[in-house]
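Just below is one structure, and these are the notes that go with it.
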Amino acid sequence: MGKPTAGIRSDMGKPGTRSRTTVDEKNVSSLHQYIELVNRETDSDAMPPSLFRGQRQDFPLLPKLARLYNEKRLKGRFREVEEAMVREFARQAGVYIAQEQTPWDWLAIAQHHGMATRLLDWTENPLLALWFAVQRESEKGQPGVVWIFNPTTDDYVDPASSASPFALGRTKVLQPRHSNMRLRVQSGRFTVHHFREQDGRFIPLEKHRRYGGQLKKVLIDGGSFVQIRCDLDRCGVNAGTMFPDLGGLAQHVEWQFSLLDDER
Numbered sequence: 001m002g003k004p005t006a007g008i009r010s011d012m013g014k015p016g017t018r019s020r021t022t023v024d025e026k027n028v029s030s031l032h033q034y035i036e037l038v039n040r041e042t043d044s045d046a047m048p049p050s051l052f053r054g055q056r057q058d059f060p061l062l063p064k065l066a067r068l069y070n071e072k073r074l075k076g077r078f079r080e081v082e083e084a085m086v087r088e089f090a091r092q093a094g095v096y097i098a099q100e101q102t103p104w105d106w107l108a109i110a111q112h113h114g115m116a117t118r119l120l121d122w123t124e125n126p127l128l129a130l131w132f133a134v135q136r137e138s139e140k141g142q143p144g145v146v147w148i149f150n151p152t153t154d155d156y157v158d159p160a161s162s163a164s165p166f167a168l169g170r171t172k173v174l175q176p177r178h179s180n181m182r183l184r185v186q187s188g189r190f191t192v193h194h195f196r197e198q199d200g201r202f203i204p205l206e207k208h209r210r211y212g213g214q215l216k217k218v219l220i221d222g223g224s225f226v227q228i229r230c231d232l233d234r235c236g237v238n239a240g241t242m243f244p245d246l247g248g249l250a251q252h253v254e255w256q257f258s259l260l261d262d263e264r
């Protein structure tokens, strides 16, 4: 067995305004169906590879900082607050990280440790994304979601030639330096979301004119979470393997010896 955990942090699946899109949607209710769908809808030899994002609920593809901004919870103007947050994080985090980091590195590290940024989490691993969608009980029986994103080479940002992550002309994909084990194990990628200065807003990725056609939505039957969760564990996909540290191990062992609400 290998159980999910409410305590593990991931930006995958945080709420916002409910998403209503016209992107291609598919429905699955088992791990077998999901794997078959992924094999049909993606090319394993594609370069760059397809990306996946798991969410327990169907919410827009917006980063946490965009949600705070939309809810008017930032203490000041967006750009000023964003840059100040990253600077302060880098200043205080230096005691924990010895090697030199670029602004892009600090942004990715802050995001990975739970701070609100303009980054949104993705992975190259479709099973990991599915685990994030079903790791906890379904919200009132509603389906979970796995987004499939097929970016092009041109959609990736080159940090070496883009000095500031705060001045991108459009939303891009970031392949971070794998500076810690979790990012490496999770094959982590990010979308770096563009803030439209002219009208002061973020556009959800699924409503973006450029990217809407590169996305597919997989709806995961809410009544199938338990079986899929256990099937994933049998395949070695659980908190202990996704988070290879004592925190992940503790969450996994707790799940092995207790029941979530939908498992009772």
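Residue numbers (UniProt numbering): 1 to 264.
The beta carbon of each residue, even a glycine, is placed where N, CA and C say it ideally should be.
Residue i versus residue j: straight-line alpha-carbon distance, rounded
i, j, result
"Lys72", "Leu128", "32 Å"
"Pro244", "His113", "15 Å"
"Lys217", "Asp43", "16 Å"
"Gln92", "Ala110", "11 Å"
"residue 276", "Pro204", "The question about residue 276 has no answer, for the chain in this structure spans 1 to 264."
"Val134", "Arg196", "33 Å"
"residue 269", "Arg118", "This structure cannot speak to residue 269, because the chain is shown only from 1 to 264."
"Gln175", "Gln256", "33 Å"
"Glu88", "Gly144", "35 Å"
"Val23", "Ser50", "16 Å"
"Ser32", "Val95", "Reading off the sequence shown, one finds His at residue 32, where the question assumed Ser. Whole-angstrom Cα-Cα distance: 46 Å."
"Asp231", "Ser258", "17 Å"
"Ser161", "Val86", "20 Å"
"Gln55", "Arg136", "10 Å"
"Glu25", "Pro48", "22 Å"
"His208", "Gly76", "27 Å"
"Leu246", "Val253", "10 Å"
Close Cβ partners of residue i (< 7 Å) along its chain, the five nearest in sequence each way excluded
i, result
"Ser224", "Ser29 and Ser30"
Buried or exposed (CB count within 10 angstroms, at least 16 for buried), residue i
i, result
"Asp221", "buried"
"Asp154", "exposed"
"Ala163", "exposed"
"Gln198", "exposed"
"Glu82", "buried"
"Ala116", "buried"
"Gln99", "exposed"
Which of helix, strand or coil DSSP assigns to residue i
i, result
"Thr21", "With a pLDDT of 48 at Thr21, under the threshold of 50, the modelled position of this residue cannot be trusted; read the value that follows with caution. Three-state result, Thr21: coil."
"residue 266", "Because the chain spans 1 through 264 in this model, residue 266 falls outside it and cannot be assessed."
"Lys75", "coil"
"Asp45", "coil"
"Leu246", "helix"
"Arg201", "strand"
"Asp121", "strand"
"Asn27", "strand"
"Gln214", "helix"
"Val95", "coil"
"Val145", "strand"
"Arg189", "strand"
Same chain, Cβ closer than 6 Å to residue i, five either side skipped, listed in chain order
i, result
"His194", "Leu168, Arg170 and Thr171"
"Asp158", "none"
"Asn27", "Leu219"
"Gly141", "Gly222"
"Pro126", "Val38 and Phe52"
"Leu68", "Leu74 and Ala116"
"Leu65", "Ala116, Thr117 and Arg118"
"Leu260", "Glu137"
Check whether residue i and residue j have beta carbons under 8 Å apart
i, j, result
"Gly200", "Glu206", "no"
"Leu120", "Phe202", "no"
"Ser138", "Asp262", "yes"
"Arg53", "Val146", "yes"
"Pro151", "Gln251", "no"
"Gly236", "Leu249", "no"
"Pro63", "Pro165", "no"
"Ala84", "Trp106", "no"
"Ile148", "Glu36", "no"
CB contact below 8 Å: residue i versus chain C
i, result
"Gln92", "Absent here is chain C; the protein component of the structure consists of one chain."
8 Å CB neighbourhood of residue i in its chain, flanking five on each side removed
i, result
"Tyr34", "Val28, Pro126, Leu130, Val146, Val218, Ile220 and Ile228"
"Arg264", "none"
"Glu124", "Pro49, Ser50, Leu51, Phe52, Ser187 and Arg189"
"residue 266", "What is shown of the chain runs 1 to 264, which leaves residue 266 out entirely."
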